[in-house]
Amino acid sequence: MSSAPAGRSLWRHGDFVRYWSANAVDLVGSGVTSVALPMIAVVALHVSVWEASLLAFAERLPPLLFSLPAGALADRYRKRPTMISATLVSGAALAMVPLADAAGRLSLGLLVAVALVDSTAIVFGSTARISYLPSLLPRDRLLEANANAGAVASLADSAGAQLGGAVVAILGAARAVYLDVASYLVCALLLGSIRTPEPTPDRPVKTATLRSEMKEGVLYVVRHPTIRPLLLTGTAFTAVFALLTTVWSVYLLRELHYSATALGTLLSVAALGGVAGALVVRPLVNRYGPARVMLTALAVLPITDLPLLLVGPGRPGQVAIATGLFIQLAACTIQGSTQRSIRQAVCEPGMQGRMLATGQWITYGTRPLAALLAGASGTWLGLWNTLALGTLALATPFLVLLTSSLRTLHQSPVAPPATT
Numbered sequence: 018m019s020s021a022p023a024g025r026s027l028w029r030h031g032d033f034v035r036y037w038s039a040n041a042v043d044l045v046g047s048g049v050t051s052v053a054l055p056m057i058a059v060v061a062l063h064v065s066v067w068e069a070s071l072l073a074f075a076e077r078l079p080p081l082l083f084s085l086p087a088g089a090l091a092d093r094y095r096k097r098p099t100m101i102s103a104t105l106v107s108g109a110a111l112a113m114v115p116l117a118d119a120a121g122r123l124s125l126g127l128l129v130a131v132a133l134v135d136s137t138a139i140v141f142g143s144t145a146r147i148s149y150l151p152s153l154l155p156r157d158r159l160l161e162a163n164a165n166a167g168a169v170a171s172l173a174d175s176a177g178a179q180l181g182g183a184v185v186a187i188l189g190a191a192r193a194v195y196l197d198v199a200s201y202l203v204c205a206l207l208l209g210s211i212r213t214p215e216p217t218p219d220r221p222v223k224t225a226t227l228r229s230e231m232k233e234g235v236l237y238v239v240r241h242p243t244i245r246p247l248l249l250t251g252t253a254f255t256a257v258f259a260l261l262t263t264v265w266s267v268y269l270l271r272e273l274h275y276s277a278t279a280l281g282t283l284l285s286v287a288a289l290g291g292v293a294g295a296l297v298v299r300p301l302v303n304r305y306g307p308a309r310v311m312l313t314a315l316a317v318l319p320i321t322d323l324p325l326l327l328v329g330p331g332r333p334g335q336v337a338i339a340t341g342l343f344i345q346l347a348a349c350t351i352q353g354s355t356q357r358s359i360r361q362a363v364c365e366p367g368m369q370g371r372m373l374a375t376g377q378w379i380t381y382g383t384r385p386l387a388a389l390l391a392g393a394s395g396t397w398l399g400l401w402n403t404l405a406l407g408t409l410a411l412a413t414p415f416l417v418l419l420t421s422s423l424r425t426l427h428q429s430p431v432a433p434p435a436t437t
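Adding 17 to a residue's 1-based position in the sequence shown gives its number in our numbering.
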């Protein structure tokens, strides 16, 4: 582990800057695709609400299928080769979209296949990447590192979405995806340039099966008094958010008649809320404690979705929705950075990958089902009614955390419990 003294800025830690930059480049490219793919599906291919939900289902299914083996492999082997390989696979998959468009073979089936491959690679790559951070930095720097990572995630999403809106308008949605392909290549180069030696995993590879290690990770998480309630809260949040995000872009494009530029601008402004959240999370947690900060962030989420339900087409409505989503992303980043840092801090070193992967499996496993539910609800009840039900359901994660033992957590833990 490379040293990072408490008084020294992480921006002077060369390998963290490379790690941070790789995430930034990756997310800028993904921000472009977040604008391009809905435009391809809704505008170019004229998919129905149900077909849009099937595409969302394909994007969200791999975490349910592959998170557990991804975590076990991350704890067995060095993480950097997995991180690099995953970015290259994602780049190759996404390159199929503009190539198929140039050949006149673009279809919903191809988009679904690309989404499955890309999302699968992201599961393995992100599991390795996030669980790699505690081996790069001391545990007492994790909240700061996660806050910085959250800031770059939101800033990069903002830049990528704004860039995506402009590039889609100039080049077309399919060709804009080439920017995401290029971002994956740059990301792989940055990750490959990290010089800090990665500790050799001390897992007994030859004496334990992959299945037994996956089971060990699940049992560790569900029995842990701190990690379990955090993941239950995250599961409730992710399920509701997956339902909302499945239909809200379709609602904006079809019902409120947003253009690619307007959608990109909205996503860009919303993502800046994540930057604001990342900048304030550390002083807030230090002053008020992690439980109070997370509860407050979760409590404001339903309010932030109200502009989507109350405004109509036009510039005033766009400003109101952007403001609500700005606050929403700030709250999401605050609670996300806080709970992730707590989980990393209390988890034993040899369980980091499986802890993260089990969390993804439990939390993200609800997303494909939520996507299908959103498609069915949007088809039968209408887009507005589905958004209204989702907004009411955003109160659920707050109630889950409020009724857990963590509601009295006044200080962030800084060390894992002793191994039993």
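The C-beta atom is built at its ideal place from N, Cα and C for all residues, glycine as well.
Problem set entry | Expected contact under 8 Å - CB spacing of Val59 and Gly281 to nearest Å | One-based indexing of the sequence shown puts residue 59 at position 42. One-based indexing of the sequence shown puts residue 281 at position 264. Not a contact, Cβ separation roughly 14 Å.
Exercise. Given 8 Å as the limit, is there contact between the region 263–281 and the region 409–428, that is, 3 or more CB pairs closer than that?
Worked result: no
Exercise. Between the region 192–200 and the region 115–131, do at least 3 Cβ pairs fall closer than 8 Å?
Worked result: yes
Problem set entry | Inter-residue Cα distance where the pair is Pro324 and Ala348 | Start at 1 with the first residue of the sequence shown, and residue 324 comes out as number 307. Start at 1 with the first residue of the sequence shown, and residue 348 comes out as number 331. If you take the alpha carbons of Pro324 and Ala348, they lie about 16 Å apart.
Exercise. How would you label Ala119, buried or exposed, when you count the other beta carbons within 10 angstroms and need 16 or more for buried?
Worked result: Here residue 119 refers to the residue found at position 102 of the sequence shown. Exposed, since its Cβ has fewer than 16 Cβ neighbours within 10 Å.
For this session: Return yes when the Cβ of Ala89 is within less than 8 Å of the Cβ of Phe141, no when it is not.
Result: Position 124 of the sequence shown holds residue 141. Position 72 of the sequence shown holds residue 89. Not in contact: Phe141 and Ala89 (Cβ atoms no closer than 8 Å).
For this session: Using a threshold of 8 Å, state whether the C-beta atoms of Arg245 and Val235 are closer than that.
Result: The residue labelled residue 245 in the question sits at position 228 within the sequence shown. The residue labelled residue 235 in the question sits at position 218 within the sequence shown. Cβ atoms of Arg245 and Val235: not closer than 8 Å.
Exercise. Contact check, Asp32 vs Leu153 under 8 Å by CB: the rounded distance?
Worked result: By one-based count along the sequence shown, residue 32 stands at place 15. By one-based count along the sequence shown, residue 153 stands at place 136. Right, the Cβ-Cβ distance comes to about 6 Å (below 8 Å), so this counts as a contact.
Exercise. For Glu215, which of helix, strand or coil comes out of DSSP?
Worked result: By one-based count along the sequence shown, residue 215 stands at place 198. DSSP places Glu215 in coil when its eight states are reduced to three.
For this session: Whole angstroms is fine: what's the gap from Ala374's alpha carbon to Ile359's?
Result: Locating residue 374 in the sequence shown gives position 357, where the first residue counts as 1. Locating residue 359 in the sequence shown gives position 342, where the first residue counts as 1. Going from the Cα of Ala374 to the Cα of Ile359 covers about 16 Å.
Exercise. Quick check: the region 378–398 against the region 65–81, are there 3 or more CB pairs under 8 Å?
Worked result: yes
Problem set entry | Other residues of its chain near Thr420: CB distance less than 6 Å, five sequence neighbours each side excluded | Mapped onto the sequence shown, residue 420 falls at position 403. Result list for Thr420: empty, nothing under 6 Å.
Exercise. Any idea if Thr436 is buried or exposed, counting beta-carbon neighbours within 10 angstroms, 16 or more meaning buried?
Worked result: Against the sequence shown, residue 436 aligns to sequence position 419. With a pLDDT of 45 at Thr436, under the threshold of 50, the predicted position of this residue should be treated as unreliable, though the coordinate-derived value follows. Burial call: exposed.
For this session: Taking 8 Å as the cut-off, decide whether the C-beta atoms of Ala295 and Ser354 are in contact.
Result: What you label residue 295 is simply residue 278 of the sequence shown in a count that begins at 1. What you label residue 354 is simply residue 337 of the sequence shown in a count that begins at 1. Yes; because the gap between Cβ atoms is below 8 Å, this pair is in contact.
Exercise. Nearest to Gly399 by alpha carbon, out of Val66, Val34, Val45?
Worked result: Numbered from its first residue, the sequence shown carries residue 399 at position 382. Gly399 has its Cα closest to that of Val66, out of Val66, Val34, Val45.
For this session: With DSSP as the reference, label Val68 as helix, strand or coil.
Result: Position 51 of the sequence shown, counted from the first residue, corresponds to residue 68. One detail in the question is off: residue 68 reads as Glu in this sequence, not Val. If DSSP states are grouped into helix, strand and coil, Glu68 belongs with the helices.
For this session: Within the same chain, show all residues whose beta-carbon is closer than 7 Å to that of Ser200, passing over the 5 residues directly before and after it, in chain order.
Result: Taking the sequence shown and counting its residues from 1, one reaches residue 200 at position 183. The residues are Val42, Asp43, Val45, Gly46.
Exercise. By Cβ distance, which residues of its chain are closer than 7 Å to Asp469, with the 5 residues on each side in sequence left out?
Worked result: Any question about residue 469 goes unanswered here, given that the chain covers just 18 to 437.
Exercise. Got a sec: is the Cβ-Cβ distance from Asp197 to anything in chain C below 8 Å?
Worked result: Included in the structure is just one protein chain, with no chain C present.
For this session: Just the C-alpha distance for Leu202 and Val64, rounded to the nearest angstrom, thanks.
Result: Numbered from its first residue, the sequence shown carries residue 202 at position 185. Numbered from its first residue, the sequence shown carries residue 64 at position 47. The alpha-carbon atoms of Leu202 and Val64 are separated by roughly 31 Å.
Problem set entry | Span of the alpha helix (DSSP H), counted from its first residue to its last, around Ser358 | Translated into positions along the sequence shown, residue 358 becomes position 341. 332–363 is the span of the alpha helix (DSSP H), which, as asked, contains Ser358.
For this session: Enumerate in chain order the residues of its own chain whose CB-to-CB distance from Leu207 is below 7 Å, with the five nearest sequence positions on each side excluded.
Result: Taking the sequence shown and counting its residues from 1, one reaches residue 207 at position 190. The answer, listed in chain order, is Arg35, Ser38, Ala39, Val42.
Exercise. Apart from the five residues on each side of it in sequence, which residues of its chain come closer than 7 Å, Cβ to Cβ, to Trp28?
Worked result: In the sequence shown, residue 28 corresponds to position 11, counting from 1. Excluding residues within five positions, the ones whose Cβ falls inside 7 Å are Val34.
For this session: Could you tell me whether the region 361–373 touches the region 249–269, using the rule of 3 or more Cβ pairs below 8 Å?
Result: no
For this session: With a threshold of 16 other CB atoms inside 10 Å of the CB of Tyr149, please say whether the residue is buried or exposed.
Result: Along the sequence shown, one-based indexing puts residue 149 at 132. Classification of Tyr149: buried, given that the 10 Å Cβ count is 16 or more.
Exercise. Cβ atoms of Val363 and Thr243: under 8 Å apart, would you say?
Worked result: Against the sequence shown, residue 243 aligns to sequence position 226. Against the sequence shown, residue 363 aligns to sequence position 346. Going by C-beta atoms, Thr243 is nearer than 8 Å to Val363.
Exercise. Straight-line CA distance for Leu261 to Thr226?
Worked result: Residue mapping note: residue 261 aligns to position 244 of the sequence shown, counting from 1. Residue mapping note: residue 226 aligns to position 209 of the sequence shown, counting from 1. Taking the straight line joining both Cα atoms gives about 39 Å.
For this session: Under 6 Å Cβ to Cβ from Ser20, same chain only, skipping five residues before and after it: list those, please.
Result: Translated into the one-based positions of the sequence shown, residue 20 becomes position 3. Low per-residue confidence applies at Ser20: pLDDT is 49, beneath 50, and the placement is therefore not dependable, though the value from the model is reported in the following sentence. No residues qualify anywhere along the chain.
Exercise. Taking C-alpha atoms, which residue in Gln345, His30, Gly331, Ile57 lies nearest to Glu161?
Worked result: For the purposes of this step, residue 161 is taken as the residue at position 144 of the sequence shown. Measuring from the Cα of Glu161, the nearest candidate turns out to be His30.
For this session: Please go through the region 32–90 and give each complete alpha helix (DSSP H) segment of 4 or more residues, from N-terminal end onward.
Result: 66–77
Exercise. What is the rounded straight-line gap between the Cα of Arg212 and the Cα of Arg97?
Worked result: Locating residue 212 in the sequence shown gives position 195, where the first residue counts as 1. Locating residue 97 in the sequence shown gives position 80, where the first residue counts as 1. Those two C-alpha atoms are separated by around 11 Å.
Problem set entry | 6 Å CB neighbourhood of Ser136 in its chain, flanking five on each side removed | Working through the sequence shown from its first residue, we reach residue 136 at position 119. Cβ within range, chain order: Glu76, Pro79.
Exercise. Around the Cβ of Ile351, are there at least 16 other Cβ atoms within 10 angstroms (buried) or fewer (exposed)?
Worked result: In the sequence shown, residue 351 corresponds to position 334, counting from 1. Buried: at least 16 other Cβ atoms inside 10 Å.
Exercise. Looking only at its own chain, which residues have a Cβ that is under 7 Å from the Cβ of Ile338, when we skip the five neighbours before and after it?
Worked result: On the sequence shown, position 321 is the one that residue 338 refers to. Closer than 7 Å at the Cβ level, and outside the excluded window around Ile338, lie Leu283, Pro324, Leu325, Val328.
Exercise. When the Cα atoms are used, what is the spatial distance from Ala316 to Gln356?
Worked result: Within the sequence shown, numbered from 1, the residue matching residue 316 stands at position 299. Within the sequence shown, numbered from 1, the residue matching residue 356 stands at position 339. C-alpha separation (whole angstroms): 15 Å.
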